[in-house]
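For reference, the structure discussed in these notes is given below.
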Amino acid sequence: MSRQRAAVILAAGQGTRMKSRTPKVLHKVGGRTMVDWAIDTAQAQGCARIVVVVGTHSPEVRAHVEARLGAGAIAVQDQPLGTGHAVRAAQAALAGFEGDVVVSYADAPLVRPETIARLFALRDAGAGIAVLGFEADDPTGYGRLLLDESGVLTRIVEHKDATDAERAVRLCNSGVLAADCAVLFSLLSMVRNDNAKGEYYLTDVVGLGRSSGFSARVATALEAEVLGCNSRVELAQAEAAFQARARRAAMDGGATLIDPNTVYFSWDTRIGQDVTVEPGVFFGPGVVVEDGATVRAWSHLEGARVGPEASVGPFVRLRPGADLARKVKIGNFVEIKNATFAEAAQASHLTYVGDADVGARANLGCGTITCNYDGFDKYRTVIGEDAFIGSDTALVAPVTVGARAFTGSGSVITKDVPADALAVARGRQKEVEGWAAAFRARKAAEKAARKAKP
Ligand code: UD1
Ligand code: MG
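In this note's numbering, the protein residues as written are -2 to 451.
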């Protein structure tokens, strides 16, 4: 990379069509806000400086970006006077920067870093301005890219300003472009708003650049990649496109998805090789599934690690902090939160494990419950290696069960259990000989007497 790179991400639109109290660019695709997608893409392209242009109407966007990139990454556009005006708002934040700037929209989360790289490649090949275009199915509303015979981009005309002949052009502007920073701002200073919308169009820099001797070139992407999300319907379309991409990536990486369309990924899901994912699985953010593991049907995972050759599900819920080592086996209707399972530990049925450390090869019987919460604080349960927790044991934390110890079924364990011991904490059983037979006889007689009454 010869020149330095910076990014300007436009996020000052109102997003009214989303019909939401949440600003548009904070809506999520694949569990990641759209503005974070745009920032990720810029960072993946080595943009050292990133400026997000926000409006005064959405302090939440500003706070969100500041928390990630710091106050220096914020530029405020006080009034939405057009995309050119919005980029100019970033000028002060880029003071002193020398190199290329890529401009993109915060509501187009699917634009890939590889695609941005193609714009930088055009710049490296001598293009003054590099524009990302696409062939629109229905070009209505988009800016049209007007090329000369040699493929040079001469001008971008906005739909509202276009003649019928220009509107017949299907090659459209995605909104992403790259140019030298100083050139871009000098061209922007010449942009006027004497057009159909009365706005300062960023797109005018192409025609102005041509008059100043800067040639413009176009790289193209598929429409699906540059899709902007302005409404819930478009958000769902972007989500579907993301899921298709993530499913393919998981399979390309060597995972088997038995029914890919029923498996949902997050932006950061990591799936190893020879992993099998059965139908109906949802991966929330922060999940790692290591090589050879199996995630069985109808499971929900977030913030969790499934170790190599481990098996979870069907019907498992792994919540944040669930960390399962190699060959752990978790069966149906088990919930695990903030708990570690060491190698080959098992909980096969109907169990809740929260705030716990389970030792290697320990076995948690059906219906084991860690009672980790007293309404105010959380407490930890520690289960030693090779321990055997009898079915329906309640472990009242803080409590430790030593290595190789047993707990009797139905026990409520409130005190630490030493290693190799058995702890039983339940009512003692007694048998009353003949009680059931006597009870039956008495009840049957009472019933017969009632029926006999007139
Ligand atoms: C823009 C492009 C058009 C392109 C289309 C692709 C211009 C003049 N037109 O049109 O060529 O085909 O996008 O979707 O650039 N924004 C601000 N401040 C503003 C105005 C806009 O931050 O004052 C942001 C919006 O939040 C949005 C983006 O810029 O993310 C595009 O704005 P929008 O009004 O949707 O532009 P279009 O008219 O669709
Ligand atoms: Mg638009």
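Glycine included, C-beta positions come from ideal geometry on N, C-alpha and C.
Fill in: Spatial neighbours of Ser345 in its chain, beta-carbon cut-off 6 Å, leaving aside the 5 residues before and after
Gly328
Practice prompt. Tell me whether Lys412 sits in a helix, a strand or coil according to DSSP, three-state version.
Written response: coil
Worksheet item: Closer than 6 Å: is that where the CB of Asn170 sits relative to any heavy atom of the ligand UD1?
Response: yes
Worksheet item: In this structure, does DSSP put Gly351 in helix, strand or coil?
Response: strand
Worksheet item: Looking only at C-alpha atoms, which of Arg29, Ser186 and Ile126 sits nearest to Thr151?
Response: Taking the Cα of Thr151 as reference, the smallest distance to any Cα among Arg29, Ser186 and Ile126 is reached at Ile126.
Item to complete: Would you identify the three-state DSSP class for Gly251, choosing helix, strand or coil?
Response: coil
Fill in: Closest by C-alpha distance to Arg65, when choosing among Gln76, Thr348, Phe94 and Val32
Val32
Item to complete: Using three-state DSSP, classify Phe330 as helix, strand or coil.
Response: strand
Discussion item. So for Asn488, helix, strand or coil by DSSP?
Written reply: The structure shown does not extend to residue 488, since the chain spans only -2 to 451, so no value can be given for it.
Item to complete: Locate the beta strand (DSSP E) running through Arg152, then write down its first and last residues.
Response: Leu150 to Val154
Worksheet item: Would a C-beta distance cut-off of 7 Å place Gly325 and Phe312 closer than the cut-off?
Response: According to the sequence provided, residue 325 is Val. The question's Gly does not apply to it. No, Cβ-Cβ distance for Val325 and Phe312 is not below 7 Å.
Worksheet entry | Pair within 7 Å by beta-carbon distance, Val393 and Ser408 | no
Discussion item. Given this structure, state the Cα-to-Cα distance separating Val260 from Cys226, to the nearest angstrom.
Written reply: 23 Å
Worksheet item: Hey, quick one: how far does the beta strand (DSSP E) through Ala127 stretch, first residue to last?
Response: Ile126 to Glu132
Discussion item. Can you give me the C-alpha to C-alpha distance between Glu196 and Pro77, rounded to a whole angstrom?
Written reply: Rounded to whole angstroms, Glu196 to Pro77 spans 9 Å at the Cα level.
Item to complete: Please classify Thr390: does DSSP put it in a helix, a strand, or coil?
Response: coil
Worksheet entry | N-terminal and C-terminal residue of the beta strand (DSSP E) that Gly52 is part of | Arg46 to Gly52
Fill in: Local Cβ density within 10 Å of Asp454, reported as buried at 16 or more and exposed below that
The chain is shown from -2 up to 451; residue 454 falls before or after that span and cannot be answered.
Worksheet item: So is Ala175 buried or exposed if we call it buried at 16+ other beta carbons inside 10 Å?
Response: Burial call: buried.
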